[in-house]
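In mature numbering (1 follows the signal peptide of the UniProt record, and there is no 0), the protein residues as written are -17 to -1, 1 to 194.
Each residue gets a CB set at the ideal place from its N, CA and C atoms; glycine is no exception.
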């Protein structure tokens, strides 16, 4: 299963958009080249709350794990439609878990691609996500509000962070046409790929599956 996922991930990387990072071996120590990532993964004495499962071998520090729970890491506000309705606790929990994965997970090099962005030089692309996990995430958020379909490209950015760009706040259900697939794959610019198989990368690497 793992070999199949690795091969599939490289075939699917679009040549004109991204350059696949040369893959050596899955056991090699590696962290994403991002703004807050450690240079190499290692143990942390403590990681905060939902990031705790990564503390034995992590690409994030305790301070970062705490900030992503309570602060606006990257000056990004999940509550950009709070004037309509604050984001629900359940929905926010899924996005925090998603952030823990992005900041802390060391085992996703096969899905890393190079990018030219101010806050990172690499990103994840089409990481397999179990259909059941995708569905749970979507159902937790479907009645919450957003004004952007692609949270990487569709916001207007300024000193105060991400703002709605001449678009009104509507429910996730409306924005993604009641499709968990469109939500999971579209929200972070195809960082995730919904996987219909029972086993996805969470099981292959023995990762935390609270998402």
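Original post:
Within this structure, are the beta carbons of residue 24 and residue 42 separated by less than 8 Å?
Top reply: Reading the chain shown from its first residue, position 41 is the one you call residue 24. Reading the chain shown from its first residue, position 59 is the one you call residue 42. Yes; because the gap between Cβ atoms is below 8 Å, this pair is in contact.
Original post:
What are the complete beta strand (DSSP E) segments, minimum 3 residues, inside the region 65 to 108?
Top reply: 95 to 100, 103 to 107
Original post:
In angstroms, rounded to a whole number, what distance separates the CA positions of residue 136 and residue 28?
Top reply: Within the chain shown, residue 136 is the residue found at index 153, counting from 1. Within the chain shown, residue 28 is the residue found at index 45, counting from 1. If you take the alpha carbons of residue 136 and residue 28, they lie about 36 Å apart.
Original post:
Using 8 Å as the threshold, is the region 93 to 108 in touch with the region 152 to 165, meaning 3 or more CB pairs across them?
Top reply: no
Original post:
Would residue 197 pass as a contact of residue 151 if the rule is Cβ separation under 8 Å?
Top reply: Since the first and last residues shown for the chain are -17 and 194, residue 197 lies out of range.
Original post:
So who's on the other strand from residue 177, going by DSSP bridges?
Top reply: In the chain shown, counting from the first residue as 1, residue 177 sits at position 194. The partner list for residue 177 (beta bridge, DSSP) reads 112.
Original post:
Grouping DSSP H, G and I as helix and E and B as strand, with all else coil, what is residue 7?
Top reply: Position 24 of the chain shown, counted from the first residue, corresponds to residue 7. A caution first: residue 7 carries a pLDDT of 43, below 50, which makes its placement in the model unreliable, though a value can still be read off. In the structure shown, residue 7 sits in coil (DSSP, three-state: anything other than H, G, I, E or B).
Original post:
Taking the continuous beta strand (DSSP E) assigned at residue 145, which residues delimit it?
Top reply: Sequence index remark: in the chain shown, residue 145 carries index 162 (1-based). From DSSP, the beta strand (DSSP E) with residue 145 extends over 144 to 146.
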